[in-house]
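Since the structure comes first, as structure tokens, the remarks are kept for the end.
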Amino acid sequence: APSAPGRQPVVTAEHIGKTVTDGQRTGILMDLIPWENPDQPPAHRRSQLMAYVRPEGGGTEWDAPPSTLDPA
Numbered sequence: 013a014p015s016a017p018g019r020q021p022v023v024t025a026e027h028i029g030k031t032v033t034d035g036q037r038t039g040i041l042m043d044l045i046p047w048e049n050p051d052q053p054p055a056h057r058r059s060q061l062m063a064y065v066r067p068e069g070g071g072t073e074w075d076a077p078p079s080t081l082d083p084a
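Here the working numbering is used: the first residue of the sequence shown is 13, the next is one more, and so on.
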């Protein structure tokens with residue numbers, strides 16, 4: 013099951029290259045990168061850590077907050 017909102021991330025930089033899941037999808041954690049929403053006005057942008065995950069066997073990479081992922 014996915015992590016509860018507000019929970020401390022279980023997935024960290026130590027998991028890069030390893031399998032992670034959001035409870036519905038499973039993939040390889042490629043990186044954790046600070047991200048700002050470009051749709052927000054510059055004065056309101058807040059940096060947040062984002063995980064980038066590639067499906068095992070290929071496919072479209074997806075991003076997610078690390079707090080929504082768990083090691084698989």
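Don't be surprised by glycine CBs; every beta carbon is placed ideally from N, CA and C.
Contacts around residue i, its chain only, beta-carbon distance under 8 Å, and the 5 residues preceding and following it disregarded
i: arginine 66; result: Gly39, Ile40, Met42, Glu73
Cα-Cα separation, residue i to residue j
i: glutamate 26; j: glutamine 52; result: 30 Å
i: valine 23; j: leucine 81; result: 6 Å
i: glutamine 60; j: aspartate 75; result: 12 Å
Endpoints, beta strand (DSSP E) assigned at residue i
i: leucine 41; result: 38 to 47
i: leucine 61; result: 60 to 67
i: alanine 76; result: 74 to 76
i: threonine 33; result: 31 to 33
Distance CB(residue i)-CB(residue j) smaller than 8 Å
i: proline 83; j: valine 32; result: yes
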